[in-house]
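Asker:
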Amino acid sequence: MDYLALALLSLGLSVDDFGVAFSLSLLMPAKNFKQFIANTGKMAVAFSISTALFPTLGWLIGLAIYKWLASLGPWIVLIVFTSVGIWIIKEALEEEQPNYEKISSFWGITAMGSLGSIDEGAVGISFPFLGIPILWIILAIIMANTVLVFTASIMSNWIKKMSQRIPSILSGVILITLGVLKFMDLAFGV
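With the working numbering as the guide, the letters of the sequence shown map in order to residues 26 to 215.
(1) Measure the alpha-carbon distance for P136 versus L160 and round it to whole angstroms.
(2) Could you give the residue range of the alpha helix (DSSP H) that holds S35?
(3) For a test of the three-state rule: what should DSSP assign to G214, helix, strand or coil?
(4) Taking the alpha-carbon positions, what's the W100 to S142 distance?
(5) Beta-carbon within less than 7 Å of S39's beta-carbon, same chain only, minus the 5 sequence neighbours each way: which residues are those?
(6) What separation, rounded to the nearest whole angstrom, lies between the Cα atoms of V70 and D42?
(7) Are there 16 or more other CB atoms within 10 angstroms of the CB of S73, so buried, or fewer, so exposed?
(8) If you drop the 5 nearest sequence neighbours on each side, which residues of the same chain put their C-beta closer than 7 Å to that of I163?
(9) Exposed or buried, K207, counting other C-beta atoms within 10 Å across all chains shown (16 or more means buried)?
(10) Would A46 pass as a contact of A212 if the rule is Cβ separation under 8 Å?
(11) Can you list, in chain order, the residues of its chain with a C-beta nearer than 6 Å to that of L263? Leave out the 5 residues immediately preceding and following it.
Quick look at the structure:
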């Protein structure tokens, strides 16, 4: 496997987190640049952990566990992402401003990143056949993930300045769309 293939693999495994990071960073309160950087760094670390963990687990555990996980994975992702997306849209349409502090907790972000990374366990099963040490693959995934999360946060920070309701509604729609697309991919291979 050459370096271009490794870069494409890393980007491919990190693209889901771009959408989730974009969506979540629309909701995260950032009163100043320092808080924005702290939130973005927290997301990058949380998503990198899950994006590196699932392929590694796939690599370690193997195909038998993946088949069991794959049968439940589409439903878990669909239900959680759609529920969170609907909740966010409902909160955005209410008059009082909701408190999104729970969404910006490290464990909340890690859970969302993990749900977006469930299918990456299957990719991890193929890692022993790539001819590249697992450490290099995981480091490449973490680097790609961090760049994409920072890019998503910067883009969503720009959109946040438009209106208070637009980012929340957009965030909910993105999460619902990601949940449905991930479900279709995992359940039907579409």
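C-beta atoms are modelled at their ideal positions from N, C-alpha and C, and glycine is treated no differently.
Answerer: Reading it off the structure:
(1) According to the sequence displayed, residue 136 carries Ala and not Pro. L160 has its alpha-carbon roughly 23 Å from the corresponding atom of A136.
(2) Run containing S35: Y28 to L52, per the alpha helix (DSSP H) assignment.
(3) DSSP places G214 in the coil class of the three-state scheme, outside both helix and strand.
(4) Looking at the two C-alpha atoms, the distance is approximately 14 Å.
(5) Correct list, in chain order: T76, I166, A169, N170 and L173.
(6) The alpha-carbon of V70 is positioned some 11 Å away from that of D42.
(7) Counting C-beta atoms within 10 angstroms of its own C-beta, S73 has 16 or more neighbours from the protein chains shown and is therefore classed as buried.
(8) Closer than 7 Å at Cβ, skipping near neighbours: A77 and T81.
(9) With a threshold of 16 other beta carbon atoms within 10 Å, K207 meets it and is buried.
(10) With respect to the 8 Å criterion, A46 and A212 are not classified as neighbours on the basis of their beta carbons.
(11) In the structure as shown, the chain starts at 26 and stops at 215, and residue 263 therefore has no counterpart that could be examined.
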